[in-house]
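When you line the sequence shown up against the numbering used here, it's residues 40 to 485, in that order.
For each residue, glycine too, the CB sits at the ideal point set by N, CA and C.
As structure tokens, the structure follows; a few thoughts come after it.
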Amino acid sequence: MNSHSTLLGQEDIRKLLVRLSTPATIAMIVNALYNLIDTIFVGRGVGYLGIAGLSVAFPIQMIIMAFGMMVGIGAASSVSRNLGAGNLERAEKVAGNSYTLILIIIVLISTFGLLFTDPILRLFGATETILPYARDYIRIIFLGSIFFSFAVSSNNLIRAEGNARVAMYAMIIGTGLNILLDPLFIFTLDMGIQGAALATILAQFISFVYILVYLKSGKSSLKIALHHLRPEVSIVREILGVGLPTFVRQINGSLLAIIMNNTLGFYGGDIAITVYGIINRVMMFLLMPMFGVVQGMQPIVGFNYGARKFDRVKETLKYSLVTVTGFALFGWILSRLFPRFILGIFTTEAAVIDLGMTAIHYIFLAIPIIGIQIISGALFQALGKSKPAFILSILRQMLILIPLVLILPLLGFGLLGVFIAFPVSDVISTAISALILKQEVDKMHL
Numbered sequence: 040m041n042s043h044s045t046l047l048g049q050e051d052i053r054k055l056l057v058r059l060s061t062p063a064t065i066a067m068i069v070n071a072l073y074n075l076i077d078t079i080f081v082g083r084g085v086g087y088l089g090i091a092g093l094s095v096a097f098p099i100q101m102i103i104m105a106f107g108m109m110v111g112i113g114a115a116s117s118v119s120r121n122l123g124a125g126n127l128e129r130a131e132k133v134a135g136n137s138y139t140l141i142l143i144i145i146v147l148i149s150t151f152g153l154l155f156t157d158p159i160l161r162l163f164g165a166t167e168t169i170l171p172y173a174r175d176y177i178r179i180i181f182l183g184s185i186f187f188s189f190a191v192s193s194n195n196l197i198r199a200e201g202n203a204r205v206a207m208y209a210m211i212i213g214t215g216l217n218i219l220l221d222p223l224f225i226f227t228l229d230m231g232i233q234g235a236a237l238a239t240i241l242a243q244f245i246s247f248v249y250i251l252v253y254l255k256s257g258k259s260s261l262k263i264a265l266h267h268l269r270p271e272v273s274i275v276r277e278i279l280g281v282g283l284p285t286f287v288r289q290i291n292g293s294l295l296a297i298i299m300n301n302t303l304g305f306y307g308g309d310i311a312i313t314v315y316g317i318i319n320r321v322m323m324f325l326l327m328p329m330f331g332v333v334q335g336m337q338p339i340v341g342f343n344y345g346a347r348k349f350d351r352v353k354e355t356l357k358y359s360l361v362t363v364t365g366f367a368l369f370g371w372i373l374s375r376l377f378p379r380f381i382l383g384i385f386t387t388e389a390a391v392i393d394l395g396m397t398a399i400h401y402i403f404l405a406i407p408i409i410g411i412q413i414i415s416g417a418l419f420q421a422l423g424k425s426k427p428a429f430i431l432s433i434l435r436q437m438l439i440l441i442p443l444v445l446i447l448p449l450l451g452f453g454l455l456g457v458f459i460a461f462p463v464s465d466v467i468s469t470a471i472s473a474l475i476l477k478q479e480v481d482k483m484h485l
């Protein structure tokens, strides 16, 4: 066990959280910035239908990444706890099994996606005018999905051993190159939306290579050999069980996208789908710093829970919650002060901007309170408690938001009802998350 791992149980919590969260937060912000800039380039280079195409294709891309996150977070939770308990060999087996698992899953998913591209896109809300743009983008993503899935999965393992800086570099390399390649392929080479997809794949391939070099350099705590790649049922079950809430949360997002795109298309047409695509990117950008804090929090919580240092677990929770709430409040203020400016970055289409002003007002209304939701789900994942983590992962979107999106428009609210559903679901799910979190913290005794 190297110094990165031992510090998880000894260093001052505030310093440790800053040290682990800062690289993760920077990397997440850079990644979210890529998503924003990618959409801006497509909007300016292809038009608002290009943004609509991304809006339809992006949830499919998120499903692919969800498998990487599921395996990565599930494995990382186990790796952190095993390192905390001094069981290095078990940690290495978990890491090796995660690589085999992600390879099998992504090959199957990509093959299925390439065979049934158009039906999948129509399911996700593509109209006949949007379909060509979405198809051109997602087929290239399917072809290169193994690279960014592996990068996403491995980043979690690197953070689990306490080496957040390397994980940050890997993300920055991928997203930074993507930002640089986008204008080259979209504008200079006149490849349109296909250029955006190709830029994504090439950039993630370089990030993939960087991670491989690190894992083989001897600097990692985990020395993975060929025998570690052989799947073991108990390990695979643990990885999937702990990582399932993350997967479900991402799938919830994709299920929400199916319902949102089809509902928005029915009540507001292509313009409404474009508006949601823009706002979804902006929302992701505002959430990424919070997820960065969570990624710094999880290895600390997992290690100290495994070492039965519950006071350090509670202290980590406290500082993490304060930090994410601060980020959420900052994002809310921006959405109140500069909505028209934010929308105008992506498009000059007046109809998109006008509808977007209304959408931002409602969708961002309850952002200041969502930190509790994020922290609660992350805590149970870090502790390896898959049941409450799973419940929290489906609470907001699947159990509350999706039903409201379907019901409120039928009650006479129309398109406005879709937007109102967001703050209502945030208030309800935050209250429930707070109760579940308090019950768990009260159980922790030295």
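Straight across, the Cα-Cα distance linking residue 185 with residue 239 is about 12 Å. Within its own chain, the residues whose Cβ lies closer than 8 Å to the Cβ of residue 416, once the five positions on either side in sequence are excluded, are 284, 288, 428, 431, 432 and 472, listed in chain order. Contact between residue 166 and residue 316 is ruled out by a C-beta separation of about 13 Å, above the 8 Å threshold. Within its own chain, the residues whose Cβ lies closer than 8 Å to the Cβ of residue 52, once the five positions on either side in sequence are excluded, are 339, 351, 354, 355 and 358, listed in chain order. Distance from residue 402 to residue 461 at the Cβ level is roughly 4 Å; contact confirmed, criterion being Cβ atoms closer than 8 Å. Under the DSSP assignment, residue 400 falls in the alpha helix (DSSP H) whose first and last residues are 389 to 402. Sixteen is the threshold: since fewer than 16 other Cβ atoms of the shown chains lie within 10 Å of the Cβ of residue 426, the residue is exposed. In the three-state reduction of the DSSP assignment, residue 230 falls in the coil class, being assigned neither a helical nor a strand state.
Remark: fewer than three beta-carbon pairs, one from each stretch, lie closer than 8 Å, so the segment 248 to 260 and the segment 103 to 111 are not flagged as touching.
Within the same chain, and ignoring the five residues on either side of residue 194 in sequence, the residues whose Cβ sits closer than 7 Å to its Cβ are 111, 206, 209 and 210.
Its chain contains 120, 123 and 124 as the residues whose beta carbon lies nearer than 6 Å to that of residue 345, once the 5 sequence neighbours on both sides are disregarded; these appear in chain order. Taking the C-beta atoms as reference points, residue 85 is found no nearer than 8 Å to residue 163. For residue 335, the uninterrupted alpha helix (DSSP H) run begins and ends at 272 to 345, by DSSP.
Here the alpha carbons of residue 153 and residue 47 stand approximately 43 Å from one another. Residue burial is scored here from C-beta neighbours: residue 267 has at least 16 other C-beta atoms within 10 angstroms and is therefore classed as buried. DSSP assignment within the segment 398 to 467 yields the following whole alpha helix (DSSP H) runs of 4 residues or more, N-terminal first: 410 to 421, 425 to 433 and 441 to 446. Assignment of residue 256 by DSSP, reduced to helix, strand and coil, places it in the coil class. In summary, residue 270 is exposed, with fewer than 16 beta-carbon neighbours lying within 10 Å of its beta-carbon over all protein chains present.
In the structure shown, residue 477 falls within a helical segment according to DSSP collapsed to helix, strand and coil.
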